[in-house]
Structures are given as C-alpha cells and as structure tokens.
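Only one structure is covered here, and it is reproduced in the block below.
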Amino acid sequence: MSDHGKATLASATTGVLVGAAMVSTRAVSSHASPETLAFLRYLIGISVLAVPMLFGTRTRFSPKDVVAVGLLGVFQFAILIVLLNQALRTLAAATCALVFSTMPLFTMSLAVILRREVFRWTKLSGLILAICGIVVLLSSSSHLTIHAIDPTAFAALVGATVTGAVCSILYRPYLRRYPALPTGALAMSAAVVFLGGLCWFTSQPIGPRLSTSEWANVTFIGLSSGLGYFCWLWALARMDASRVVAFQALGPVAAAAIELAIARQLPSWQLLLSIALVVAGLLVALRAAGPEAAAA
1 MSDHGKATLA SATTGVLVGA AMVSTRAVSS HASPETLAFL RYLIGISVLA
51 VPMLFGTRTR FSPKDVVAVG LLGVFQFAIL IVLLNQALRT LAAATCALVF
101 STMPLFTMSL AVILRREVFR WTKLSGLILA ICGIVVLLSS SSHLTIHAID
151 PTAFAALVGA TVTGAVCSIL YRPYLRRYPA LPTGALAMSA AVVFLGGLCW
201 FTSQPIGPRL STSEWANVTF IGLSSGLGYF CWLWALARMD ASRVVAFQAL
251 GPVAAAAIEL AIARQLPSWQ LLLSIALVVA GLLVALRAAG PEAAAA
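In UniProt numbering, the protein residues as written are 1 to 296.
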C-alpha cells in the first residue's frame, strides 16, 4: 500500500475512533466535569503513546520547537475542548456537531490562503457533500434547530472549529522534521499539564468517583484518543490537512451506528443515506489527490 493509501486509512481510523469516543463520553459526561474528563482522556492517551516510545529511538527537539509543539498541543487538546464544552452548555448538541463538521472547509480555506494547499473544485465538492451527509443524520435524529443562538456560545463554537483547523495546518512543518509519535506525545503532555492546572484552578477533581463501567468508558476514551491522534498526526505528515480533517465526518455516523448496535436496532434509511453521502464526499475529496507538494 502506498503512503497516500496508508494516510487515508489512518485518517479513516481516526474518524471512527472519534465517533466511538463520542458514545463513551455521553455515557460518563453526567458523572464528571468536562475539565476532569479532558484531563483523564489525555492522561490515559499519553500513557498509550509512552509505551512504544520506550522502545523507539529517542527524538531530540530544538527548544524553540518544544515550545511551538507544546503550544499546539494546548490549543488542540485543551483550548479546543474547553471552547466546545462552553458552547455545549447553551447550544443544542446537533447545532454544535453541524458547525464543528465544517472544520474541513475552514482548514481548506486557510491552507489555500496560506499557500499550504492547492485549491481543487473536487475537494471542495467532496467536503460539502460529506457535510450534507451529517446534516441528514442530525436532522433525522436530533431535530436540528438554529434559532435562539447565544452569541457568546456560538463564538466559542466557531472558535473551537477554527482552532482545530489552524492546528491541523500548523502541525505540518514539525511533522516533517520529527516523527509523529514523539510529536504527539509532546503535544499531549503539554495539554495534560494545562488541563491539570485548569482542574486545580476550577476546583475539579482529577480522580472522580466512578463505577467500574464508567471507568471502563473513560479508559476507552483515553485509549482511543492516544491511538486516534497518533494516526491523525501520522496522516497529516503525508496528506493535505483538509483531506485528513475531512475524515472527521465519519465521527457522527460512526457514533450513530454504534449506538444502534448497542440498542440492537436496525439502521434507519436516514442513517444509511448519511453514510452514503459522507463516504461519497470523502471519495470525491480524495479524487486525484496524489502527492500534492504542499508548502511547509
């Protein structure tokens, strides 16, 4: 399999893991604060990355790059989550999911403006088609509405979306200089330190009282985050950021499919249509991708 094929597979794996983590997060969100869950998520995630690092070649980062990658980690894994959780306090989950699903469009637009990617109509068409699939899914299952929007919460939601897009683009130069595994570990470690301080500042416990099943869900969230973000960074080093981020569209449909499987229910025609649109959109976005020499 070519590097582009492997990057596509890694991106798809990340999208599915994000959807699976959504299901587990919903199961424990009422038993622990968002700050605590985020801290535990990435603490477990960094332990996943630490195991293979013990047996790998040690990577030396320049001091300047340590600061830069650490800041990217704080924004990607901490600030983004804080902004998204702030939006979820007052906005409908469906509204948040819909706006957040536009991240690939923000990523592509910023990458083209910064001359990191070449504009392609096929890519734009594919991204829009994938977003249409998410709209079909949300409108059928969540009664999607966009009225009575709190401006502050909506600003936080857009801020989270733009943060994800910017980080996806800015990681690329460092991933060309350093392997994905230590880069991800450094970024996630910085986020864990930041989130630990945030828990202390907001008086949130870092070791909540949870049942065995709830701890199992938290552990799964952390494991999926560690593996998922390694795959994400590995793919970013080999494929355009907008195409990698586009696979996040698999998250909502994967979550819906998993919840149906748990409930032992057959998929609705809306879910099947949503999956078809998302997959078709990704195929169109990947059409004629090839090795586009994006500028660093």
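Positions of the beta carbon are idealized from the N, C-alpha and C atoms, including for glycine.
For M239, the three-state secondary structure derived from DSSP is coil. The stretch 237-254 makes contact with the stretch 14-26: 3 or more CB pairs, one atom from each, lie closer than 8 Å. The stretch 217-224 and the stretch 235-245 do not touch, with fewer than 3 CB-CB distances between them shorter than 8 Å. In the pairwise beta carbon analysis, the stretch 164-172 is classified as not touching the stretch 45-58: fewer than three pairs are separated by under 8 Å. For the 8 Å CB-CB criterion, S274 and I134 form a contact. V118: not part of any alpha helix (DSSP H); DSSP gives it neither H nor E. With 16 or more other Cβ atoms inside 10 Å of its own Cβ, G126 counts as buried. Judged by DSSP in its simplified three-state form, R60 adopts coil rather than helix or strand.
Assignment of I206 by DSSP, reduced to helix, strand and coil, places it in the coil class. Runs of the alpha helix (DSSP H) lying entirely within the UniProt domain "EamA" (156-286) and spanning at least 4 residues, in chain order: 172-177, 180-201, 212-236, 241-246, 250-263, 269-286. For L84, same chain residues with a beta-carbon under 6 Å away, outside a window of 5 residues either side, are A160 in chain order.
The Cβ-Cβ distance between A235 and A10 falls below 8 Å. With contacts defined by Cβ atoms closer than 8 Å, V23 and E214 do not form a contacting pair. Excluding the 5 residues flanking it on each side, F119 has same chain C-beta neighbours closer than 7 Å at V112, in chain order. In this chain, the alpha helix (DSSP H) harbouring D3 covers 3-28. In this structure, L210 and V28 form a Cβ contact; the two beta carbons are roughly 7 Å apart against a cut-off of 8 Å. Cβ-Cβ distances below 6 Å link P208 to A32, T36 in the same chain, with the five nearest sequence neighbours on each side left out; the list follows chain order. Of all alpha-carbon atoms in L286, A38, A12, the one lying nearest the alpha-carbon of L198 is that of A38. Of G226, L277, I81, A180, the smallest CA-CA separation from F247 is found for L277. Shown here, T102 sits in coil according to DSSP, grouped into three states, outside any helix or strand. Non-local beta-carbon contacts of A78 in its own chain, meaning distances under 6 Å to residues more than five positions away in sequence, involve A191, F194, L195 in chain order. Between M188 and V74, the alpha-carbon positions lie close to 8 Å from each other.
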